[in-house]
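Novice: Counting from 0, one number per residue, gives the positions in the sequence shown under numbering that gives the first Met the number 0. My structure is below; once you've seen it, I'll send some questions.
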Amino acid sequence: MFRSNNVAARVFERQILTPRPGTSVNAARQFYENLCPSYTIYDIDCPDHSFRKFTDDGQYLVSFGQNHQDLIVYRPTWLSFSCKEEDCDSDNLPQKARSHEAPDSEGAIHGVPSIEKITFYLVRLEDGVVLDEKSFHNDFVNLAHSMGAFLYEDLLCIVSLRYQTIHILQIRDSGNFVEVRNIGTFCREDDELFLHSHAQCIAAQDRSKIDGLSSNELSNGIQQPQVTHGISFLTGIKQRLLSFIFRKTWNEEADQTLRVQHLKKKFYFHFQDYIDLIILKVQFLDRHHLLLKFGSVDGGVSRVSDQNLAFFAVYNMETTEIISFYQNSSEELYSLFEYYYDHFHANSRSSLHENFISSHSNNIHALDQLWNIKTKASSFSQGKLLVMPSDTASAIYSMTSEGKLNEFVKKMMTSLPYTCQSQSPSPYFDLSLFRYDEKLISATDRHRHSTEHPIKFISRRQPNVLKFKIKPGPETGGLDGRAKRISSFLFHPFLPFALSIQQTYMHPTVVNIHFRG
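Okay, structure coming up:
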């Protein structure tokens, strides 16, 4: 839209030019090319808190205290420094502007750790009042990067790994948690009542049969029915999954004579593997459908899960049916991921700013990056080919390329199900405006290796123009160059303001503030 890079000229052009329909926000975001952080306050004096993120409206900064026992919310007090003189550069800016392993209980998954009590609080950020809470006892919810919880509009999904239950809660306007449904052992609200009533009927029939036997038959033990107790059934969600896989495998072979062999090979041979699958992660696709990730117990408690076999299923909460099922190396699922990525998380966005997060579904530069990574992953080093007959060499080349592509697909699928609120909507991560090294910084909330060199943000429209730099850590550099340093960044959703947090082993945490002076 703008023909000039001068901010004053852009303001004038905004007054006389009208952007194309549907592009007004994108046009306004171009002003961030002129409004970049220009000052840094290094190593600020702050409590030992774990800073998490800014709220969507930018009014609060959420953090946790030591051991994650306290919730601390900061409210920015704009402005703490200002200047009305003509020569503001002469003014100096401020210098330093418990858990134990609970015994296994019925329904608990062996190998999943237990935490004595996990409590989710519904807090009004304006005054810090706790409106409601939901507690889980001797359970395990993966709270790293909010993996065990997903928020969609007024619905909150919490995944109990230990008891394999998906808790669906609604957050009412009155400030209360309302339990909508639990999915796991049972899928429908009346499943437990039905099974209990059925068990009572069977027990009554058994007692009537015993009462009808003569004393001689009872003494000889003739025709005495066997009453069994504690029969273990598969959970409701696992029954749905197995029935879907069976029907899918059955329909893959039309020949009746070959269908049994096909079932043996594709279903019964892997039956125990399917039985051992557990729910690892869940997200809403809409108000009626969930995307479920199944895998091994190790995949649920391990931090590195790229190489673990995993499966994805779409579940309809209303009909209690599995409607699709994919392995994590499925090219069909990857195609959906590549071309319709925004559909996995766009509807979970609760603010206007989050609708403009760059992805390979809406940004040509992000798509180009993905294609480059895919090409490199599927390519084969010709120097590693052995001297063989052409047919053999071609077969090896094909198998190796396919294997690398499968590994690439598996790696991409680790981001599913999508973790809500895991990306910053800051315009400085807009790939249409800026270029930066995504190995060092990106919109995704993740710790990254820190370097001694500042992170550069280059103009996308002017490839040789450096707009601003972000340098985490001390101003003079690290004291120990061999120490491993990691950094994380918190960008305000729309202001030129950011925090960089650098952590070094056996050294205090360094927090810097980056802002426009």
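For every residue, glycine included, the Cβ atom is placed at its ideal position computed from N, Cα and C.
#1: Report the three-state DSSP secondary structure of N405 (helix, strand or coil).
#2: For E330, does the count of other Cβ atoms within 10 angstroms reach 16, so buried, or fall short, so exposed?
#3: As a quick exercise: from F407, N354, F343, F355, pick the residue whose alpha carbon is nearest that of W370.
#4: Take D444 as the anchor and find which of F433, I457, F428 has the nearest alpha-carbon.
#5: For N25, which of helix, strand or coil comes out of DSSP?
#6: Assign M412 to buried or exposed, taking buried as 16 or more other Cβ atoms, counted over all protein chains shown, within 10 Å of its Cβ.
#7: Which stretch, first to last residue, makes up the beta strand (DSSP E) that contains K265?
#8: In whole angstroms, give me the CA-to-CA distance for H166 and N362.
#9: Beta carbon of R258, beta carbon of E320: below 8 Å?
#10: Just to confirm before moving on: does the CB-CB distance between F336 and P424 stay below 8 Å?
#11: Count the other CB atoms within 10 Å of the CB of F488; is the residue buried (16 or more) or exposed (fewer)?
#12: Inspect the beta-carbon positions of I108 and Q29 and report whether they are closer than 8 Å.
#13: Buried or exposed for A394, going by 16 or more other Cβ atoms inside 10 Å?
#14: Can you grab the Cα-Cα spacing for the pair R481 / G472, in whole Å?
#15: In the structure shown, what three-state DSSP assignment does Q326 receive?
#16: How long is the line joining the alpha carbons of D138 and F185, rounded to whole angstroms?
#17: For a test of the three-state rule: what should DSSP assign to C156, helix, strand or coil?
#18: For Q68, does the count of other Cβ atoms within 10 angstroms reach 16, so buried, or fall short, so exposed?
#19: Buried or exposed for R460, please, with buried defined as at least 16 other CB atoms from any protein chain shown within 10 angstroms of its CB.
#20: Around the C-beta of Q14, are 16 or more other C-beta atoms found within 10 angstroms, so that it is buried, or is it exposed?
#21: Identify whether E115 lies in helix, strand or coil by the three-state DSSP scheme.
#22: Smallest Cα separation from L155: which of Y333, L276, F310, Y120?
#23: The ligand SAM and I363: does any heavy atom of the ligand fall closer than 7 Å to the residue's C-beta?
#24: Between the alpha carbons of L404 and H452, how many angstroms are there, rounded?
#25: Given a threshold of 16 other Cβ atoms within 10 Å of its Cβ, counted over all protein chains shown, does V111 qualify as buried or as exposed?
#26: According to the Cβ coordinates, are V177 and I278 closer than 8 Å?
#27: Measuring alpha carbon to alpha carbon, tell me which of V140, E125, T118 ends up nearest D131.
#28: Determine the closest residue to F293 out of D285, D275, L284, with distance taken between C-alpha atoms.
#29: Grab me the residues of T234's own chain with a C-beta within less than 7 Å of its C-beta, minus the 5 sequence neighbours each way, in chain order.
#30: Tell me where the beta strand (DSSP E) around Y517 begins and ends.
#31: DSSP puts E320 in a beta bridge; with which residues?
#32: Kindly indicate the opening and closing residues of the alpha helix (DSSP H) around L241.
#33: Per the contact definition of three or more C-beta pairs closer than 8 Å, is the segment 8-24 in contact with the segment 434-448?
#34: Assign G476 to one of two classes, buried (16 or more other C-beta atoms within 10 Å of its C-beta) or exposed (fewer than that).
#35: Which ranges would you report for the alpha helix (DSSP H) in the segment 349-379 if only whole runs of at least 4 residues count?
#36: Work out the CA separation of K468 and V296 for me, nearest whole Å.
Specialist: Taking the structure as given:
#1: Counting from 1 along the sequence shown, the entry for residue 405 is found at position 406. Reduced to three states, the DSSP call for N405 is helix.
#2: Position 331 of the sequence shown holds residue 330. It is exposed - the Cβ of E330 has fewer than 16 other Cβ atoms within 10 Å.
#3: Here residue 370 corresponds to residue number 371 of the sequence shown, with the count starting at 1. Selection F407, N354, F343, F355 evaluated against W370 yields F407 as nearest (Cα-Cα).
#4: Mapped onto the sequence shown, residue 444 falls at position 445. The residue with the shortest Cα to Cα distance from D444 is F428.
#5: Looking up residue 25 in the sequence shown gives position 26. Taken through DSSP and simplified to helix, strand or coil, N25 comes out as helix.
#6: Against the sequence shown, residue 412 aligns to sequence position 413. The residue in question, M412, is buried, as its Cβ has 16 or more Cβ neighbours within 10 Å.
#7: Locating residue 265 in the sequence shown gives position 266, counting from the first residue. Segment 255-265 is the alpha helix (DSSP H) holding K265; no beta strand (DSSP E) there.
#8: Against the sequence shown, residue 166 aligns to sequence position 167. Against the sequence shown, residue 362 aligns to sequence position 363. C-alpha separation (whole angstroms): 35 Å.
#9: The sequence position of residue 258 within the sequence shown is 259, counting from 1. The sequence position of residue 320 within the sequence shown is 321, counting from 1. The answer is no: Cβ separation not under 8 Å.
#10: Counting from one through the sequence shown, the residue named residue 336 turns up at place 337. Counting from one through the sequence shown, the residue named residue 424 turns up at place 425. For F336 and P424, no; Cβs fall outside 8 Å.
#11: Residue numbering aside, residue 488 sits at position 489 when the sequence shown is read from its first letter. F488 comes out buried.
#12: Within the sequence shown, residue 108 is the residue found at index 109, counting from 1. Within the sequence shown, residue 29 is the residue found at index 30, counting from 1. Their beta carbons are not under 8 Å apart, which means I108 does not touch Q29 by this criterion.
#13: Position 395 of the sequence shown, counted from the start, is the residue given in the question as residue 394. The pLDDT assigned to A394 is 44, lower than 50, so where the model puts this residue is not dependable; a value taken from the coordinates is nonetheless given after this. So A394 ends up on the exposed side.
#14: Mapped onto the sequence shown, residue 481 falls at position 482. Mapped onto the sequence shown, residue 472 falls at position 473. C-alpha separation (whole angstroms): 14 Å.
#15: For the purposes of this step, residue 326 is taken as residue 327 along the sequence shown, with counting starting at 1. Looking at Q326 - three-state DSSP - the assignment turns out to be strand.
#16: In the sequence shown, counting from the first residue as 1, residue 138 sits at position 139. In the sequence shown, counting from the first residue as 1, residue 185 sits at position 186. Their Cα atoms are separated by approximately 18 Å.
#17: Here the question's residue 156 lines up with position 157 in the sequence shown. In the structure shown, C156 adopts extended strand secondary structure according to DSSP, grouped into three states.
#18: Translated into positions along the sequence shown, residue 68 becomes position 69. Q68 should be labelled exposed.
#19: One-based indexing of the sequence shown puts residue 460 at position 461. By the beta-carbon neighbour count (other beta carbons within 10 angstroms, threshold 16), R460 is exposed.
#20: What you label residue 14 is simply residue 15 of the sequence shown in a count that begins at 1. Answer is exposed; the Cβ neighbour count stays below 16.
#21: As a first step, residue 115 is located in the sequence shown; it is residue number 116 there, counting from the start. Correct three-state label for E115: strand.
#22: By one-based count along the sequence shown, residue 155 stands at place 156. Minimum Cα distance to L155 is reached at Y120.
#23: Ligands are entirely absent from the displayed structure, and the ligand SAM is therefore not among its contents.
#24: In the sequence shown, the residue the question calls residue 404 occupies position 405. In the sequence shown, the residue the question calls residue 452 occupies position 453. Between L404 and H452, the alpha-carbon positions lie close to 34 Å from each other.
#25: For the purposes of this step, residue 111 is taken as residue 112 along the sequence shown, with counting starting at 1. By the neighbour-count rule (16 or more Cβ atoms within 10 Å), V111 is buried.
#26: Taking the first residue of the sequence shown as position 1, residue 177 is located at position 178. Taking the first residue of the sequence shown as position 1, residue 278 is located at position 279. No, these two residues do not count as a Cβ contact at 8 Å.
#27: Stepping through the sequence shown from its first residue, residue 131 is reached at position 132. Measuring from the Cα of D131, the nearest candidate turns out to be T118.
#28: Numbered from its first residue, the sequence shown carries residue 293 at position 294. Among D285, D275, L284, the Cα nearest to that of F293 belongs to D275.
#29: As a first step, residue 234 is located in the sequence shown; it is residue number 235 there, counting from the start. If we look at T234 and ignore the five residues flanking it on each side, its Cβ neighbours are Q163, G183, T184.
#30: The chain is shown only over 0 to 516; residue 517 falls outside these bounds and no answer can be derived.
#31: Numbered from 1 along the sequence shown, position 321 holds the residue referred to as residue 320. E320 is bridged by DSSP to N315.
#32: The residue labelled residue 241 in the question sits at position 242 within the sequence shown. 235-251 is the span of the alpha helix (DSSP H), which, as asked, contains L241.
#33: The segment 434-448 vs the segment 8-24: no contact.
#34: Position 477 of the sequence shown, counted from the first residue, corresponds to residue 476. Result: exposed.
#35: Restricting attention to alpha helix (DSSP H) runs no shorter than 4 residues, the segment 349-379 encloses them at 363-377, ordered along the chain.
#36: Within the sequence shown, numbered from 1, the residue matching residue 296 stands at position 297. Within the sequence shown, numbered from 1, the residue matching residue 468 stands at position 469. Computed Cα separation, rounded: 43 Å.
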